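Taking it in order: structure first as structure tokens, then the write-up.
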Amino acid sequence: MKRLHVSFNVRDLDASIQFYTQLFGCQPTLVRDQYAKWLLDDPRMNFVLEAGEGEPGFSHAGLQSETPGELHEVFARMKSAEAPYLPEGVTTCCYHKSEKSWTSDPDGVMWEAFHTQHQTEERGAAPQFVLQPG
1 MKRLHVSFNV RDLDASIQFY TQLFGCQPTL VRDQYAKWLL DDPRMNFVLE
51 AGEGEPGFSH AGLQSETPGE LHEVFARMKS AEAPYLPEGV TTCCYHKSEK
101 SWTSDPDGVM WEAFHTQHQT EERGAAPQFV LQPG
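Counting along the sequence shown from 1, when you hit position 101 you're at 101 in the UniProt record's numbering, and nothing is skipped either side.
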């Protein structure tokens with residue numbers, strides 16, 4: 001089963017953690033330097049806050065797959081959408097080693113599809129690219 005991924009850039013990580021802890025009714029699953037993540041089951045979501053990564057607000061959405069096979073099904077759907085498609089491959093980003101690809105919708109909303117292999121101690125680097133709307 002896939003999990004919706006939503007990522008926001010924030011100015012004040014501590015204040016945002018306080019707010020979302022109250023909103024979701026639970027503590028973050030992972031907190032690191034300039035990063036917090038909740039793996040929620042109700043609603044089934046991977047919710048991320050990142051500080052120092054750009055203007056505050058919505059960053060991107062995504063689909064987190066539980067298996068490599070499920071991920072490759074999502075990759076195939078991304079490719080068939082006739083939109084920009086960028087396979088990133090296996091990478092370390094956001095304190096996790098994952099395989100991922102990116103696309104954007106007709107309005108330029110970035111979507112990431114990924115399967116996490118394991119958590120890491122290093123943050124890694126966010127990809128540096130721009131996908132033009134399809």
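Every residue, glycine too, gets a C-beta built ideally from N, C-alpha and C.
Since we're looking at a predicted model, the values are computed, not measured.
7 Å Cβ shell around residue i - same chain, five flanking residues per side excluded
{"i": "S16", "result": "V10, L49"}
{"i": "L13", "result": "Q34, A36, L49, A51"}
{"i": "E112", "result": "H5, H60, G62, K100, W102"}
Own chain residues within Cβ distance below 6 Å of residue i, not counting five before or after
{"i": "residue 135", "result": "For the chain, the structure presents residues 1 to 134; residue 135 sits outside this window and is missing."}
{"i": "S7", "result": "V48, S59, H60"}
{"i": "R123", "result": "Y95"}
Proximity below 7 Å, CB of residue i to CB of residue j
{"i": "C93", "j": "A126", "result": "yes"}
{"i": "P84", "j": "S104", "result": "yes"}
{"i": "K79", "j": "E88", "result": "no"}
{"i": "R44", "j": "R3", "result": "yes"}
Option nearest residue i by Cα separation, candidates the options
{"i": "W102", "options": "T116, H60, T67, E122", "result": "H60"}
{"i": "Q64", "options": "E82, L86, E53, L39", "result": "L39"}
Cβ neighbours of residue i in the same chain (closer than 8 Å, five flanking residues each side left out)
{"i": "Q117", "result": "V90, H96, K97, S98, E99"}
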